[in-house]
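Residue numbers (the working numbering): 6 to 350.
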């Protein structure tokens, strides 16, 4: 069966031409899919014989809302989507003055093992397809009735661990005949998978690269992020400097503030030393409490921010959204998995 929504416009056109259809049918089908068609029967400008053939030979799955939570504090909406195979993923719609942002997942579960993150507790199940990533954006927009203007790939999973599918998703969501969300409105986050960073630097996409750093030294970072055993801090920063030299684009460094672990002044000083010669934005994140994690939110966020700024660095504290609706990535999925009778995995 062909995963039709994961095809580019050219691939879709070639497919339809191969079964004797005129080239313009490719754009018709592509447009229907990217408007959120739930069945081939909805594609009213296609001949019935073609709709029947597509239904017989192609996949057209639509995610179902397994759960939906809306914050009474700031209007943030968290979705738990059930996929065709019964697995569940999360997306979060956040409202800002500059537009609506959706945070999407790139995998079912995660194998990176970051000790402060709920997404990785049950490990990785599988990669998401380009269509499953696109659907999170498309159906969040359709369900909420709010236009999505920005995307962050910071939900469940490591995007660089599923990079081929992620790149295909970016092509689809950016297409002018699709959702047409510009690359400059998309952020891609990685926990530091260096081969992926190097590949992105060669492609020169106009997106924002975010590196989940969380510690500037090997000892601390290895303690909280097992990926550091494979990609040490020195090598990670070297890859970041190379990325900036090749693309000219500033990197955002994500830094979850953990009490007594990574919030010391000497770590702020080391961060400044490692960033020398490269503009970078440091996004300090108040840690979300995860029941299974031994770590607690830092009490030194303001002091750490001022220390970074004393070195001339740009450091901001991320606004906390959805604190009343299982805000941390993976928490809603985890809760659903644990509850008796829940269908999601």
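All C-beta atoms, glycine included, are put in the ideal place defined by N, C-alpha and C.
These figures come from a predicted structure and were not determined experimentally.
Quick check on the DSSP output: the alpha helix (DSSP H) that includes residue i runs from which residue to which?
i	result
residue 21	14 to 23
residue 355	Here the chain comprises residues numbered 6 to 350, so residue 355 is not present and cannot be evaluated.
residue 238	238 to 252
residue 151	Here residue 151 belongs to no alpha helix (DSSP H), and DSSP marks it neither H nor E.
residue 229	223 to 229
residue 173	168 to 179
If you drop the 5 nearest sequence neighbours on each side, which residues of the same chain put their C-beta closer than 8 Å to that of residue i?
i	result
residue 312	270, 273 and 274
residue 28	18, 21 and 22
residue 86	68, 69, 70, 71, 93, 94, 95, 96, 140, 141 and 144
residue 186	142, 153, 154, 155, 156, 178 and 179
residue 222	238, 272 and 275
residue 246	282 and 283
Spatial neighbours of residue i within its chain, please: CB distance less than 6 Å, with the 5 preceding and 5 following residues excluded, ordered by chain position.
i	result
residue 2	Only positions 6 to 350 of the chain appear in this structure, which leaves residue 2 out of reach.
residue 165	195, 198 and 201
residue 75	82
residue 162	110, 111, 112 and 115
residue 189	211
residue 209	252
residue 89	66
residue 192	157, 213 and 215
residue 12	none
residue 60	45
residue 258	216, 218, 285 and 287
residue 108	97, 157, 159 and 160
residue 43	67
Give the DSSP bridge partners of residue i, in chain order.
i	result
residue 94	86
residue 63	7
residue 100	105
residue 322	289
residue 302	263
residue 158	193
residue 72	85
residue 258	216 and 287
residue 40	Looking at the DSSP assignment, residue 40 forms no beta bridge with any residue, so it has no partner.
residue 199	Residue 199 pairs with nothing; no bridge assigned.
residue 132	112
Check the C-beta distance from residue i over to residue j and give it rounded, since I have them as a contact under 8 Å.
i	j	result
residue 10	residue 139	7 Å
residue 322	residue 289	5 Å
residue 319	residue 286	5 Å
residue 248	residue 206	4 Å
residue 175	residue 98	Actually they are not in contact, since the Cβ atoms of residue 175 and residue 98 sit about 19 Å apart, beyond 8 Å.
Does the distance between the C-beta of residue i and the nearest non-hydrogen atom of the ligand ADP fall short of 7 Å?
i	result
residue 230	In the structure on display, the ligand ADP does not appear, and there are no ligands present to speak of.
Just to confirm my understanding: we take residue i, look at its own chain, exclude 5 residues before and 5 after, and list those with CB closer than 7 Å. What are they?
i	result
residue 14	31, 32, 35, 180 and 182
residue 56	45, 46 and 48
residue 226	219, 220, 233 and 238
residue 345	Residue placement at residue 345 cannot be trusted, given a pLDDT of 42 that sits under 50; what the coordinates show is reported in the next sentence. Nothing listed; no residue qualifies.
residue 244	199, 202 and 203
residue 260	218, 219, 287, 288, 289 and 290
residue 184	39, 142, 143 and 178
residue 168	201 and 204
residue 84	70, 73, 95, 96 and 145
residue 8	64, 134 and 136
residue 104	154 and 155
Between which two residues does the beta strand (DSSP E) harbouring residue i extend?
i	result
residue 276	Per DSSP, residue 276 belongs to no beta strand (DSSP E); it is in the alpha helix (DSSP H), 270 to 280.
Within this structure, are the beta carbons of residue i and residue j separated by less than 8 Å?
i	j	result
residue 302	residue 284	no
residue 133	residue 94	yes
residue 268	residue 242	no
residue 276	residue 215	no
residue 130	residue 178	no
residue 155	residue 125	no
residue 171	residue 229	no
residue 25	residue 147	no
residue 306	residue 121	no
residue 135	residue 73	no
residue 118	residue 231	yes
residue 80	residue 100	yes
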